[in-house]
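Input: a single structure, listed below in structure tokens.
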Ligand code: HEC
């Protein structure tokens, strides 16, 4: 009986850890999406004022505004003076969670 209870607890515990990890942004999935969706078209080259992927100087002040604002700008669109970031990079098929993964990847590269 004791063994059963403790293994049930273990399973619950592992389940909790797994779901925590799964809900965090996934930079591997983010990279795959970045490379195949519209994002790279502007952010690889800096087209129309887009902060380039991996350009730490361009990303530092953006990262400093905090992840929530950064994400909201990517989801809802943003014109901050450098150019215009279209809502979801003009790809409405992307979910908010997918945008979150891509932004996490872009932030990781910009650090
Ligand atoms: C048509 C070009 C274009 C495409 C496509 C595009 N972006 Fe952007 N993005 C921009 C520009 C321009 C800015 C800078 C806007 C400014 O600061 O004035 C920007 C800024 C951003 C920022 C920073 C926002 C901030 O608060 O500083 C993030 C994050 C971002 N884009 C994510 C994405 C993601 C994710 C995708 C793909 C789903 C994407 N972009 C597709 C042009 C683009």
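Residue numbers (this note's numbering): 10 to 120. Each residue gets a CB set at the ideal place from its N, CA and C atoms; glycine is no exception.
For residue i, which residues of its own chain have a beta-carbon under 7 Å away from its beta-carbon, when the five flanking residues on both sides are left out?
{"i": "residue 86", "result": "94, 95 and 96"}
{"i": "residue 92", "result": "57, 58 and 59"}
{"i": "residue 55", "result": "61"}
Between which two residues does the alpha helix (DSSP H) holding residue i run?
{"i": "residue 34", "result": "Element bounds for residue 34: n/a, residue is neither H nor E."}
{"i": "residue 105", "result": "105-119"}
{"i": "residue 91", "result": "Unbroken run through residue 91: none, as it is neither H nor E."}
{"i": "residue 70", "result": "65-73"}
{"i": "residue 50", "result": "48-52"}
Could you check whether the Cβ of residue i sits closer than 6 Å to any heavy atom belonging to the ligand HEC?
{"i": "residue 79", "result": "yes"}
{"i": "residue 34", "result": "no"}
{"i": "residue 83", "result": "yes"}
{"i": "residue 46", "result": "yes"}
{"i": "residue 37", "result": "no"}
{"i": "residue 72", "result": "no"}
{"i": "residue 86", "result": "no"}
{"i": "residue 123", "result": "Nothing can be reported for residue 123, as the shown portion of the chain is limited to 10 through 120."}
{"i": "residue 98", "result": "yes"}
{"i": "residue 119", "result": "no"}
{"i": "residue 58", "result": "yes"}
Going along the chain, which residues of its own chain have a beta-carbon closer than 6 Å to the beta-carbon of residue i, five neighbours each way excluded?
{"i": "residue 35", "result": "110"}
Any contact between the region 98-109 and the region 64-73? By contact I mean 3 or more CB pairs, one from each, below 8 Å. no
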